[in-house]
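Residues -22 to -1, 1 to 397 (mature numbering (1 follows the signal peptide of the UniProt record, and there is no 0)) make up the sequence shown, in order.
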Amino acid sequence: MRFFWKAAAMAAIWILPLAASGEFCLKKTSYKTEGDAVPRYKYETSQAYDAKTRLLEKIYDEISDEGKRRTKSIVKFDERGEREIGSVEYDWDFGAGKWRKAGFSKTERTKDGAFVYIDTRKLNQGQKTVEKRTGATEISQNFTLKNGKWTPTYLIKRLYDENHKTTLVATFEWSAKAKKWTPYEKLIYRYKGDVYASSEGYKWQGKWVPQTKHVAFTAADGARTEINFTWSKDAWQPQERTVQKIEPKFRRFTDLRCHWDATKSEWNGCYKNVREETEQGRPKYSASSFWQGESQRWEIVFENEFSYDARGNLIKNREMSDGERREYVYAYDEAGNNVSSALREPDESGKWRETQKTVNVFESDILARDVIDRGFIGDYVAAGENAIKSSKQYFLDGDEFKLNETLEWFYEKCEPSRE
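Spelled out as C-alpha cells, the structure:
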C-alpha cells in the first residue's frame, strides 16, 4: 500500500532534529486506512520533550485486524539535549490497564575511556558492547545477558595505520570451556599510499586458511576495476569483476559487473548499470541491462528518466521495468511545496491514465526548517518549504478515485530550552 508514497518521497525534505531553529516541535503523527482498504490498519505516534529533565516520551498506538498494541519509550538526552544516552521501553497491559517495563538501553563512558552500550528486552534478554581505543588499536567486546549474567560472545579487534586507515579486522569467539577468546576470522587490508588496494579474508581452522580476496585498481583513463576471488585448490580463483567508468563530459557513470566462467576462462554473464546526472548533480537517467550472448546485445530490464522544472523540482519520473511502463508526475505550489503526486500507467490502448494519486496539504505559517522531530516519528512523504499537514492517497476504482490512506502531522510551539 505504501509503495506509491515511497516513490513520491524521492523529492522529500527530511526534517532533522536539532538542525532546525526549533520554533515548532512535531507533536504527533497518525495514519489510517480508509474505505474498503484491506487489511484495516491505524496507528498514532506522539512525542513530548521536557527540556528541564531532558526526557522525551514517545507513545505508539496501533489498531489492526490482528488486534491492538501500545508501547512507550522514555528517552534520556545528554546535558546539551542533543544525543540519546539511554531509554526505557514499556508495553501496555490491556488486561491490567497499566504500563509494564519491557526493557531499557543506555550509553555510558567508563573511567578508563571505554564506551559501554547496553540494550535489553523483556528484562532477561539483552546485548552489551564495550568499545575502547588505545593508540592504533580498537577493541569491541560483545556480551549476551543469560540468567541475569553478562556472558562474552565475540570480540572484534581493529588496527589502524598512520593515515587512520583500517589494516586489520580480527574476530574472536568466546570459548566457555577454555574461558578465553579464540580466533574466528580476520580481514587484512592493504593500501598504496593512502589509497585502498586489496583485502584478504581468512578463517581460523587450527591455522589461518584463506577464504576471500578483493583487489581494486584504477587505470590511466580513470576506470576503476574491482575483482573478487575465493580460495580453492590452493589458489585464488576469480569470481566477479566490476569496472566503474566515469565520463565527465556527459556526466555519465557506468558500472559493468561480470562473472568468471572457469570452464571457458572468460568473463561473462555481464550486468550493466548506467546513470546520468544534470549539471546540478540531479538524477537524469538510469538504466540496468543484461548482456545477451546469443544476440550479442544489451537487453534493458530497467530504465528511469527524470524531468525537472525551472526551479529544480522533480516533475516527472518515467520508468520501465521488465517491459512494464509507469510514470510519476509531481505538482508544486508557488512556495515549492509538493501538493500532489500521480501514478500513471498505460491502458490497453497505450494511453496514459492516472491509477493512483496523492494530495498533500502544508501548514501555511510553519516552515519545514523550523520544525524539530526529536524522536524521528515523522513519516515524511513529500517535499516542501512548509511543514506538511496531511497526505491522502487515492486509488482508481473503475472510473472513480477512492480514498485509501490518510497521514496527518500535528505541531506545537517547542518548550524553551533550559539555560
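We put the CB at the ideal spot given by N, CA and C, even for glycine.
All values derive from a computational prediction rather than experimental measurement.
Report task. Would you kindly work out how many angstroms separate the C-alpha atoms of residue 324 and residue 335, rounded to a whole number? Result -> 15 Å
(Q) Closest to residue 270 by C-alpha separation, out of 288, 289, 248 and 317, would be which residue? (A) 248
Exercise. Give the straight-line distance between the Cα atoms of residue 76 and residue 390, rounded to the nearest whole angstrom.
Key: 28 Å
Original post:
Taking the alpha-carbon positions, what's the residue 378 to residue 15 distance?
Top reply: 15 Å
message: Going by DSSP in three states, residue 227 sits in which element: helix, strand or coil?
response: helix
Could you tell me whether the Cβ atoms of residue 340 and residue 367 are closer together than 7 Å? yes
At what residue ranges does the stretch 15 to 53 contain a whole run of the beta strand (DSSP E), taking only runs of 3 or more? 19 to 28 and 33 to 42
**Request:** Go through its chain and collect everything with a Cβ distance to residue 256's Cβ below 6 Å, but skip five positions before and after it.
**Result:** 262
What does the Cβ neighbour count give for residue 44, buried or exposed, with the cut at 16 atoms within 10 Å? exposed
Put residue 199 into one of helix, strand or coil per three-state DSSP.
coil
Exercise for review: Apply the 10 Å Cβ neighbour rule to residue 360 and answer buried if 16 or more other Cβ atoms are within range, or exposed otherwise.
Suggested key: buried
Check your understanding: In terms of DSSP beta bridges, what is residue 194 paired with?
Key -> 204
Check your understanding: In whole angstroms, what is the alpha-carbon distance linking residue 182 and residue 66?
Key -> 39 Å
Exercise. Would you give the residue range spanned by the beta strand (DSSP E) that residue 366 belongs to?
Key: 364 to 375
Checklist line | C-beta neighbour in chain B for residue 67, strict 7 Å | finding: Looking for chain B here will not work: only one protein chain is present.
Can you name, in chain order, every residue of its own chain whose Cβ lies under 8 Å from the Cβ of residue 123, other than the five neighbours on each side? 98, 102, 103, 104, 105, 106 and 129
Since residue 307 and residue 320 are thought to touch, with beta carbons under 8 Å apart, how far apart are those beta carbons, to the nearest angstrom?
5 Å
* Residue ranges of each beta strand (DSSP E) within the stretch 260 to 298, 3 or longer -> 261 to 270 and 275 to 286
task = Kindly list the residues whose CB is nearer than 6 Å to the CB of residue 40, restricted to its own chain and excluding five residues on each side of it in sequence; keep chain order.
result = 21 and 47
For residue 88, which residues of its own chain have a beta-carbon under 7 Å away from its beta-carbon, when the five flanking residues on both sides are left out? 94
Rounded separation between residue 392 and residue 8 - CA only
20 Å
Item to complete: State the start and end residues of the unbroken beta strand (DSSP E) segment that holds residue 83.
Response: 76 to 87
Span of the beta strand (DSSP E), counted from its first residue to its last, around residue 355 | Segment: none, residue 355 is in no beta strand (DSSP E) and carries neither H nor E.
Using three-state DSSP, classify residue 239 as helix, strand or coil. strand
| Should the stretch 222 to 240 be regarded as contacting the stretch 195 to 203, the criterion being three or more beta carbon pairs within less than 8 Å? | yes
- Item | Option nearest residue 116 by Cα separation, candidates 100, 134 and 125 | 134
key: residue 286 versus residue 388: straight-line alpha-carbon distance, rounded   = 30 Å
Checklist entry - Got a sec? Which residues, its chain only, sit under 8 Å from residue 373 by beta carbon, not counting five neighbours each side? => result 333, 334, 379, 380 and 382
| said: Going by DSSP, what residue range makes up the beta strand (DSSP E) through residue 104? | reply: 103 to 112
For the ligand GDP, any of its heavy atoms closer than 6 Å to the Cβ of residue 183? No copy of the ligand GDP appears in this structure; indeed no ligand is present at all.
When you compare each of 314, 310, 315 and 305 to residue 330 by their alpha carbons, which one comes out closest? 305
Count the other CB atoms within 10 Å of the CB of residue 178; is the residue buried (16 or more) or exposed (fewer)? buried
Next on the checklist: With DSSP as the reference, identify every bridge partner of residue 388, one or two as the case may be.
Outcome noted: 6
Q) Just how far apart, CA to CA, sit residue 244 and residue 190? A) 20 Å
Note to self: Taking the alpha carbon of residue 253 as the reference point, which residue from 3, 264 and 260 has its own alpha carbon closest?
What the structure shows: 264
With 16 as the cutoff for other CB atoms within 10 Å, does residue 184 come out buried or exposed? exposed
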